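Just add 28 to wherever you are in the sequence shown, counting from 1, and you've got the numbering used here.
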Amino acid sequence: MKNLPISFEFFPPKTPEGIANLREARAKLAKFNPEFFSVTFGAGGSTRDRTMETVLEIQAEGHAAAPHISCISSTKAEIADLLQRYQEKNINKLVTLRGDIPSGEVAVGDFKYASELVEFIRMQTGQHFHIEVAAYPEFHPEAASPLADVENLKRKFAAGANRAITQYFYNVDAYFRFIDLCAQHGITQPIVPGIMPIYNITQLARFSNICGAEIPRWLKLRLEAYGDDMASVRALGVDVVSELCEALRDGGVPGLHFYTLNQAGLISQIIGNLE
Ligand code: FAD
């Protein structure tokens with residue numbers, strides 16, 4: 029994938045096996061010369077320390093690493109402390125989110141929306157961090173309307189974000205129509221498509237229900253028809269996602285961000301198909 033910047037997203041592993049698996053996956057994915065690796069942040073700060081540890085390990089291996097940071101359950105003082113620690117460690121990229129509100133959670137924290145957190149990061153740390161935010165080609169499930177969601181993205185850029193990464197999608201038109209809509213509303217910053225390989229249809233359907241990403245009917249039916257035949261599910265998934273990436277690349281996207289779920293196999297095949 030010459031000249032197309034790529035990045036890979038991990039979650040911070042909990043167990044020694046998980047840590048070892050992630051190291052192995054990372055070594056395989058590093059061969060594609062990613063622009064950076066990012067590490068998610070658990071709702072309510074449950075992974076705060078593990079996010080930091082994973083990011084520092086990636087950085088120590090010589091790669092650019094970007095922690096995700098979210099509003100949920102965080103006070104201004106806690107965020108200020110975290111920002112200072114990242115600055116001291118020479119981390120200079122953040123993926124800045126509101127975060128998913130855990131069920132039963134009432135207190136959202138001192139920041140209600142990601143735009144407020146972006147504003148606070150700029151106020152505290154000036155231009156130190158390159159800030160990525162989230163965008164939704166099929167629109168965020170809580171958005172009052174598609175235009176309200178685009179206005180929210182615009183607010184995040186106005187607050188100081190540099191670039192957006194999208195929620196995953198399988199309908200390439202959704203992405204390009206969203207880019208057109210953003211441009212019509214004065215958004216000029218890059219919006220990098222987020223790519224989710226298809227590992228498992230049950231898990232994907234569950235994620236998609238939560239985040240509002242549509243699995244096209246034809247794709248869902250074909251994947252479900254394979255039942256427990258995981259090899260066929262993954263083979264079709266690799267074909268479909270490779271074609272999606274090819275169409276995005278040919279359409280001139282500014283990069284591709286892969287949701288890895290800490291696995292390298294399918295993504296290596298997908299990127300291999302594009303080279
Ligand atoms: P926001 O931009 O704050 O938007 C949330 C909702 O509020 C939207 O519906 C928006 O339209 C609406 N809204 C915003 N401002 C206003 C306003 N002023 N008035 C009314 N409505 C408003 N979650 C995690 O917990 N940890 C992670 O590490 C993580 N990483 C992610 C990485 C990427 C690339 C993406 C795309 C998502 C990630 N998420 C993560 C999920 C994300 O936290 C959820 O999608 C969350 O529900 C919304 O986060 P946001 O930053 O887009 O929120």
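Note that beta-carbon positions come from the ideal geometry of N, C-alpha and C, so glycine has one too.
On a predicted model such as this, the values are computed, not experimentally measured, just so you know.
Residue 237 burial status per 10 Å Cβ neighbour count (16 or more: buried): exposed
Selection from 206, 102, 209 and 50 that minimises the alpha carbon distance to residue 290: Considering only alpha carbons, the answer is 50.
Sequence-distant residues of the same chain with beta carbon closer than 7 Å to residue 120, five excluded per side: If the five residues before and after residue 120 are omitted, its C-beta is found closer than 7 Å to the C-beta atoms of 156, 157 and 158, all from its own chain and listed in chain order.
Assigned exposure category for residue 27 - 16 Cβ within 10 Å defines buried: Nothing about residue 27 can be reported from this structure: the residues present for the chain run from 29 to 303 only.
Residue range of the alpha helix (DSSP H) that includes residue 264: 258 to 278
Top-ranked residue by Cα proximity to residue 194, from 246, 202 and 253: Taking only the C-alpha atoms, the option nearest residue 194 is 202.
Cβ separation of residue 225 and residue 255, assumed to be a contact under 8 Å, to the nearest whole Å: Incorrect: roughly 19 Å between the Cβ atoms, too far for contact.
Residue 34 - DSSP class collapsed to helix/strand/coil: strand
Residue 295: first and last residue of the uninterrupted alpha helix (DSSP H) it sits in: 293 to 302
Buried or exposed by the 16-neighbour rule on C-beta atoms within 10 Å, applied to residue 96: buried
Rounded separation between residue 108 and residue 154 - CA only: 13 Å
Heavy atom of ligand 1 within 6 Å of residue 216 beta-carbon: no
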